[in-house]
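Counting in numbering that gives the first Met the number 0, the first sequence runs from 0 upward without gaps.
Down below is the structure, laid out as structure tokens.
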Amino acid sequence: MTRVCLSRLPEGEVLLVEAGAERVVRAADLPALVAEREADDAATGSPPRWVWDDTARWYPPLLAAGVRVARCHDLRLAHHVLRRAPAVDQRLLEGEQSEHWHRLGPSRPTDPALFEIDDTAEHLRADVEDARQRAAVAASAEAGRLGLLLGAESAGALVAAEMTHAGIPWRVDVHERLLVDLLGPRPPRGARPQRLEALVAEVRRALDAPALNPDSRPELLAALRRAGLDVADTRASTLRALDHPAVAPLLRHKQLAHLFSTNGWAWLDQWVGGGRFRPSYQPAGSSTGRWSSNGGGALSIPAQVRPAAVADDGWVLVVADVAQLEPRVLAGMSGDRALARSARGADLYQGMVDDGAVASRNDAKLGLLGAMYGATSGESGRMVAGLTRRYPDAFGLVEDAARAGERGQVVRTLLGRGSPGLGEVWEHPDDDGPATADTHARQARLRRSYGRFTRNFVVQGTGAEWALCWIADLRNRLWRLGSGRLESRPHLVFFLHDEVVVHAPAELADAVAAQAVEAAATASALLFRGLAVDFPLSTSVVRSYAEAGKGVAPVGG
DNA sequence: TCCTGTTGCGCC
DNA sequence: AAAGGGCGCAACAGGA
């Protein structure tokens, strides 16, 4: 397959390297050039792979010009994966400019114009780094899996840029009505909304504390104690256990104050424009490979505001999520046939009950989550012991990962992503002073804690890989369902760990849902070739995101 | 006054 | 009933 390496040159020029041939074009001419190649080569079924330092820097201008690319290779993401991959000979990543690649961080979603013009990191040679990376992968004993991981990672970066570009359809009027209903009219800057002010008054009365500011934890704690309530903190869960007239207004105030500050009018002003909510995603932003988000709070779109996510007229939202993604991934990666059998069907936990492994669905859930998170005590810890005999391969895999972590070793996902090391703390437990019982105890705690992390890393990380393969394949399937530019075809507008939202013309809703299911099967086959594991999707076709899931309609207007 | 750490809540 | 993994965000607290 053709690879075209793109590098930024000074003075707004771009260097293209293809099969060793160099060519310089103006950056402004790039969209047309890319569009032409994509169109020409689509006919032959093999569009080029665009190789660039950072998808978040190259792709948005192309999208803005109406150009979509089929595939890319994100050198920055790939470099970071390879740097930590246990199967890679690190010497192969060293060479000209490699120090810069080591240091390359995610591009901030700030104004790109702020980048210094002649910073070396601005003008790295993509073709040079690409050659190193390909050599490193080729020389690895896990070349196939690493290649798949890098491809999926890069496709994910394309999805992230496209989702920010398209945005989640967001009705400001619906959101504002919701805010006014719950909080009262928008207050002047720095002031509390009416409804919050009323609740504060109610709390003050109930606690007989006329000057209390409930937003101050120390003040609130003191007031609660003066009222004879013996509490250690001011958490909602703590307050809920109390029997006192101040509790109800206090909890209501907490809830509404949170809504006001995180998804209130200020949030709308900052993040919603032109009828779209455009959060910024950071692929592989967490060490397990899961995405993070650094603007808009895309990892947490509270149920309370989901009624405002409404499809355009004549369009729908197709919401698809995987039930029990991580237990299924564990079954696949461990090759545990018993767990894979329990995973047949829509409810893995129920499958475990039906197979006679546990007495109740809740026991199944407790046991599996306990195994994946490292619960040691309580009901969950006890369930783990029994299930280990029933599912030795699956439970053995996470157990091995935990042991490795406790020894200070790194672990890897199915496709070869390595965990970050325990690092400094492990090497240098304390100051140079003598080891005391205290430092030993701290060391032991640290070891167990890192073991819980590595235990979870292998499953969460492989789950992220499955999800990447899923959305990468779905992205292409959606593209083929429509015609014209990205926004006029069914397209992804949201992705979070095990869930996607597709904005689609209403008449294509069923086709989109079917493609989501097909893509899930493709992802499973890619990752768990040997052992087919079911990844059933629950899909719903809705006008508003709030209607998705359990079929519960939003309350109110 | 700025900056960092903690708290508490939201999501998976 | 509680505990175990990963995140982001806003506000407060407290030190510099």
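Ideal Cβ positions, reconstructed from N, Cα and C, are used throughout, including at glycine.
Note that this is a predicted model, so its numbers are computed, not measured.
Test item: CB-CB of residue i and residue j under 8 Å
| i | j | result |
| --- | --- | --- |
| Glu12 | Val23 | yes |
| Leu491 | Arg476 | no |
| Ser333 | Asp242 | no |
| Leu526 | Trp465 | yes |
| Val3 | Leu15 | yes |
| Pro85 | Pro60 | no |
| Ala235 | Leu250 | yes |
| Gly373 | Ala330 | no |
| Gly295 | Pro278 | yes |
| Leu338 | Gly366 | no |
| Leu76 | Leu181 | no |
| Ser292 | Ser285 | no |
| Ser6 | Ala125 | yes |
| Gly150 | Phe276 | no |
| Ala505 | Val315 | yes |
Backbone secondary structure at residue i - three-state DSSP
| i | result |
| --- | --- |
| Arg343 | coil |
| Trp543 | A small correction: the amino acid at residue 543 is Ser; Trp does not occupy that position in the sequence shown. Note: Ser543 maps to strand in three-state DSSP. |
| Asp320 | strand |
| Asp73 | strand |
| Val80 | helix |
| Pro111 | With a pLDDT of 48 at Pro111, under the threshold of 50, the modelled position of that residue is not reliable, and the figure given next carries that caveat. Helix. |
| Glu378 | helix |
| Ala125 | helix |
| Thr287 | coil |
| Arg48 | strand |
| Arg389 | helix |
| Gly373 | coil |
| Thr538 | strand |
| His101 | helix |
| Met0 | coil |
| Gln303 | helix |
| Gln442 | helix |
| Ser236 | helix |
| His427 | Because the pLDDT at His427 is just 45, under 50, the model does not fix this residue reliably, and the point stays unresolved. |
| Glu325 | helix |
| Gly432 | Because Gly432 carries a pLDDT of 46, less than 50, the predicted location of this residue cannot be relied on, and the following value inherits that uncertainty. Three-state result, Gly432: coil. |
| Gly548 | coil |
| Leu365 | helix |
| Ser523 | helix |
| Asp399 | helix |
| Asn475 | helix |
| Asp533 | coil |
For residue i, the residue or residues it bridges with in DSSP
| i | result |
| --- | --- |
| Pro504 | Trp314 |
| Gly272 | Arg275 |
| Ala308 | Trp169 |
| Phe494 | Val499 |
| Val557 | Because the chain spans 0 through 556 in this model, residue 557 falls outside it and cannot be assessed. |
| Val33 | Bridge partners of Val33: none, in fact. |
| Ser292 | Tyr280 |
| Arg416 | Looking at the DSSP assignment, Arg416 forms no beta bridge with any residue, so it has no partner. |
| Arg411 | Gly417 |
Rounded Cβ spacing between residue i and residue j (contact assumed at less than 8 Å)
| i | j | result |
| --- | --- | --- |
| Leu148 | Gly415 | 6 Å |
| Arg389 | Ala342 | Not a contact, Cβ separation roughly 13 Å. |
| Pro282 | Ala156 | 5 Å |
| Thr538 | Ala319 | 4 Å |
| Ala138 | Leu91 | 6 Å |
| Tyr449 | Gly404 | 5 Å |
| Val458 | Glu325 | 5 Å |
| Thr233 | Leu219 | 5 Å |
| Asn455 | Met371 | 6 Å |
| Val136 | Leu145 | 5 Å |
| Ala231 | Ala208 | Not confirmed; about 19 Å, so no contact. |
| Val50 | Glu95 | Contact flag wrong, Cβ pair sits at about 16 Å. |
| Arg67 | Leu485 | 5 Å |
Completely contained alpha helix (DSSP H) runs for the stretch 144-204, where each covers 4 or more residues:
Here the runs fully enclosed are 171-182.
Which full runs of the beta strand (DSSP E) of 3+ residues lie inside the stretch 2-31, going along the chain?
When DSSP assignments are scanned along the stretch 2-31, the uninterrupted stretches of beta strand (DSSP E) that are 3 or more residues long and fall wholly within it turn out to be 2-8, 12-17, 20-25.
In chain order, each alpha helix (DSSP H) run of at least 4 residues that lies wholly inside the stretch 218-267:
As far as the stretch 218-267 is concerned, its whole alpha helix (DSSP H) runs of at least 4 residues are 235-239, 246-262.
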